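Q: Chains as they are written, first to last, in our numbering: chain B, 612 to 724; chain C, 23 to 132. Where is the CB? At the ideal position from N, CA and C, for every residue including glycine. In this text the structure is predicted, and so the values were computed from the model without any measurement. Sharing a structure with you now.
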Amino acid sequence: GAGVSQSPSNKVTEKGKDVELRCDPISGHTALYWYRQSLGQGLEFLIYFQGNSAPDKSGLPSDRFSAERTGGSVSTLTIQRTQQEDSAVYLCATRREANTEAFFGQGTRLTVV
Amino acid sequence: GIQVEQSPPDLILQEGANSTLRCNFSDSVNNLQWFHQNPWGQLINLFYIPSGTKQNGRLSATTVATERYSLLYISSSQTTDSGVYFCAVERPGGYNKLIFGAGTRLAVHP
């Protein structure tokens with residue numbers, strides 16, 4: 612596609628429920644990143660994919676968070692048993708190869724009530 | 023890990039004024055990007071500038087990699103320039119993650 616597409620744009624969920632966030636990368640972009648931005652804060656790295664593998668998962672905050680990428684394309688970030696502190700904007704970025712520009716999607720705003 | 027510091031943290035300008043935003047980083051980098059996060063939360067690419075100088079309209083940027091800093095210049099500011107400006111860097115070695123600074127929050131008043 613023309614840009615990085617994330618869905619849904621907004622998600623309100625009850626505490627304890629599981630949620631799935633989706634990222635569709637720009638066509639041909641092999642590297643994909645997930646970040647989290649809490650209200651008024653900077654961007655916190657979560658996980659990086661190269662193709663379908665995840666060489667860097669160091670930013671995942673707990674074992675309730677997981678992510679996968681299939682076909683070197685779409686990625687899904689799953690949060691199990693959501694907590695109120697998971698409320699944030701989840702951003703996906705992709706890029707074609709090393710040492711090139713990264714482009715961000717519009718984000719998914721997650722609210723846990 | 024690498025540290026990224028942006029200054030000033032907050033900036034208020036009158037429309038038409040010029041400003042300089044700074045990004046200092048603590049280690050060698052092979053990638054540096056400037057982003058503008060608009061009030062709707064969208065991150066907009068401004069510059070991919072691991073070294074040298076680039077200009078795009080009223081905006082320009084300079085990165086001096088050997089001295090570990092980058093500057094973003096905004097001239098003749100407009101209210102639409104308001105938002106948060108982020109600097110992000112990447113260490114050498116391949117597909118490393120972009121490390122973000124805390125940002126500079128800019129408000130341009132008419």
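Taking the beta strand (DSSP E) that residue 44/C falls in, what are its first and last residues?
A: Here the question's residue 44/C lines up with position 22 in the second sequence. From DSSP, the beta strand (DSSP E) with residue 44/C extends over 41–47.
Q: Could you give the distance in angstroms between the alpha-carbon of residue 51/C and the alpha-carbon of residue 87/C?
A: Start at 1 with the first residue of the second sequence, and residue 51/C comes out as number 29. Start at 1 with the first residue of the second sequence, and residue 87/C comes out as number 65. If I take the Cα positions, the gap works out to 7 Å.
Q: Any beta carbon from chain B within less than 8 Å of residue 87/C's own beta carbon?
A: Start at 1 with the first residue of the second sequence, and residue 87/C comes out as number 65. Chain B, which has no Cβ nearer than 8 Å to the Cβ of residue 87/C, makes this no.
Q: Using Cβ-Cβ distances below 7 Å, what residues of the stretch 38–59 of chain C are close to chain B?
A: Residues passing the 7 Å Cβ filter: 52, 53 and 55.
Q: What residues in the stretch 66–92 of chain C have a beta carbon less than 8 Å from any beta carbon of chain B?
A: Those would be 67, 70 and 72, in chain order.
Q: Are the CB atoms of residue 657/B and residue 647/B within a distance shorter than 8 Å?
A: The residue you call residue 647/B lines up with position 36 of the first sequence. The residue you call residue 657/B lines up with position 46 of the first sequence. Taking 8 Å as the Cβ cut-off, residue 647/B and residue 657/B qualify as a contacting pair.
Q: To the nearest whole angstrom, what separates the beta carbons of residue 720/B and residue 621/B, a pair I think is in contact under 8 Å?
A: As a position in the first sequence, residue 720/B is number 109, starting the count at 1. As a position in the first sequence, residue 621/B is number 10, starting the count at 1. Right, their Cβ atoms sit about 5 Å apart.
Q: Going along the chain, which residues of its own chain have a beta-carbon closer than 7 Å to the beta-carbon of residue 628/B, five neighbours each way excluded?
A: To locate residue 628/B, count along the first sequence from 1; it is residue 17. For residue 628/B, where only same-chain residues beyond five positions count, the Cβ hits under 7 Å are 693.
Q: If I'm right that residue 712/B touches residue 95/C with Cβ under 8 Å, what's the distance once you round it to whole angstroms?
A: Residue numbering aside, residue 712/B sits at position 101 when the first sequence is read from its first letter. Residue numbering aside, residue 95/C sits at position 73 when the second sequence is read from its first letter. Actually they do not touch by this definition, with Cβ atoms about 20 Å apart.
Q: In the DSSP output, what is residue 36/C paired with across the bridge?
A: As a position in the second sequence, residue 36/C is number 14, starting the count at 1. Residue 36/C is bridged to 131/C.
Q: Mapping the DSSP letters down to three states, classify residue 89/C as helix, strand or coil.
A: Counting from one through the second sequence, the residue named residue 89/C turns up at place 67. If DSSP states are grouped into helix, strand and coil, residue 89/C belongs with the helices.
Q: Is the Cβ of residue 700/B closer than 8 Å to any Cβ of chain C?
A: Taking the first sequence and counting its residues from 1, the one referred to as residue 700/B is at position 89. Chain C, which has a Cβ nearer than 8 Å to the Cβ of residue 700/B, makes this yes.
Q: If contact is defined by three or more beta carbon pairs under 8 Å, each pair taking one atom from either stretch, is the stretch 658–677 of chain B in contact with the stretch 37–46 of chain C?
A: No, the stretch 37–46 of chain C does not touch the stretch 658–677 of chain B.
Q: Can you confirm whether the stretch 73–87 of chain C touches the stretch 25–33 of chain C when touching is taken to mean that 3 or more C-beta pairs between the two stretches lie within less than 8 Å?
A: No: the two stretches stay apart, fewer than three of their Cβ pairs being nearer than 8 Å.
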